[in-house]
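Have a look at the structure below before the remarks.
In the numbering used here, the protein residues as written are 112 to 584.
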């Protein structure tokens, strides 16, 4: 096994060097697997592994039924060291104590909050939303007092469905179930398609809330290597599907947390095809999708012809976390989701639903998103440059395609868990990378929330954080 690992890594390095020297031009198709195996004197399996690593490192893209092609834009030298390559094995999740430990400082009002991922309230139309709330209280008192339909208020579900009208596969009104935030949607989805002890495929790194849900529900995680630009490795995922290793898969295709990528349409289609082909439900967390800088971006659900994608979303990141308003479109699993909702929280409060329905109907939400995306794009760009200036040489950070977080890797394998405490002592709250993976694969990473304006005070704190990172042993 050790010899095989050495061979595929060596072959990968040789091919990468040849690509960089111009031996294979951008857009050129590489020789077939069998030709490469014969040329380099290695097994077909070793060649496939090396091509898989080249794809993960950003040198090639593998096109279905066509072959491997050199990318038009190659990664920066040394960038592949920031990607994780590891055996894909199911593991128990045990992160709740660690996650709660890192979340607690959010309650400290005097700290600079770079830990919890959330755009600043100053970027949100708070007054408009509150006016709608006051109006709903006057005009719809009985509706606010009573239970709403288990699916949600028709006025809201209609507006949510309309947002998908341009998709290849639109979501119907009666396929939507309104929830108390995105996490309830994800929890209901997991309970609908898995049982305690089942294995669920997740990205690595992934949102720690998904890992916490798996732990609480007694599911195991199978971490799949995930590229900072292209998303979850479809090759590794298909191997897991083919072996029958997993009962479901949780993914974020748009503005993934913490990496910030937007998966290409081609890869989204392929992901949904794999879900349908192997009959593995796909739980899609699209909570950051509305913040993509490039504008409206279709989720994987948009290509779901077989109903295998359970789409989960909310307005917590794009408008107002206090609304606690989310939704799930369950496809073929809708009836089971509704049963679970009724024995969980019965229904979702009518007030937030009325407010959001009116905001969507008026066009106010669409207008808000245009302004929000522009503001976040500007702030994140400024913060990115500041981090590159203030942090020690060798620090790695890749520009996200939406949202307001930066995924930062410290040089020389410095432990961000140590930096967490030192930063907190200086009034700075960060989130270490260790909780974005079940295994100890991201301890030298951290996630920074840069959803607030870079005031002189914030700039000084980020410079101080960079100084602490430089001093870290």
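Even for Gly, the Cβ is constructed at its ideal location relative to N, Cα and C. The model shown is predicted, which means the values in this text are computed figures rather than measured ones.
Closest option to residue 311, judged by alpha-carbon separation, among 453, 296, 475, 352: 352. By the 16-neighbour rule on beta-carbons within 10 angstroms, residue 200 is exposed. Residue pairing from DSSP leaves residue 285 without any beta-bridge partner.
Taking a cut-off of 8 Å on C-beta distances, the region 241-254 does not touch the region 399-407, as fewer than three cross pairs fall below it. Looking at the backbone, the Cα of residue 305 and that of residue 330 are separated by about 8 Å.
Within the DSSP bridge table, the entry for residue 580 names no partner. When the beta-carbon positions are compared, residue 443 and residue 418 come within less than 7 Å of each other.
The three-state reading of DSSP puts residue 561 in coil, since its state is none of H, G, I, E or B. Inclusion of residue 543 and residue 531 in the CB contact set at 7 Å is warranted, their separation being smaller than that value. In the DSSP annotation of this structure, the continuous segment of the alpha helix (DSSP H) that includes residue 156 starts and ends at 155-167. Residue pairing from DSSP leaves residue 363 without any beta-bridge partner. With contacts defined by Cβ atoms closer than 7 Å, residue 177 and residue 458 do not form a contacting pair. Under the DSSP assignment, residue 336 falls in the beta strand (DSSP E) whose first and last residues are 331-338. According to the DSSP secondary-structure assignment, residue 518 is paired through a beta bridge with 558. With fewer than 16 other Cβ atoms from the protein chains shown falling within 10 Å of its own Cβ, residue 454 counts as exposed.
Contact between residue 438 and residue 263 holds: their C-beta atoms lie close to 7 Å from each other, under 8 Å.
For the region 265-309, the continuous alpha helix (DSSP H) assignments of 4+ residues that do not extend past its boundaries occur at 265-273, 292-304, in sequence order. When 524, 441, 476 are compared, the shortest CA-CA separation from residue 289 is found for 441. In this chain, the beta strand (DSSP E) harbouring residue 437 covers 437-440. Around residue 222, the same chain offers 216, 535, 538, 539, 540 as residues with beta carbons nearer than 8 Å, after the five sequence neighbours per side are excluded. In this structure residue 379 is not in contact with residue 399, their Cβ atoms being roughly 15 Å apart against a cut-off of 8 Å.
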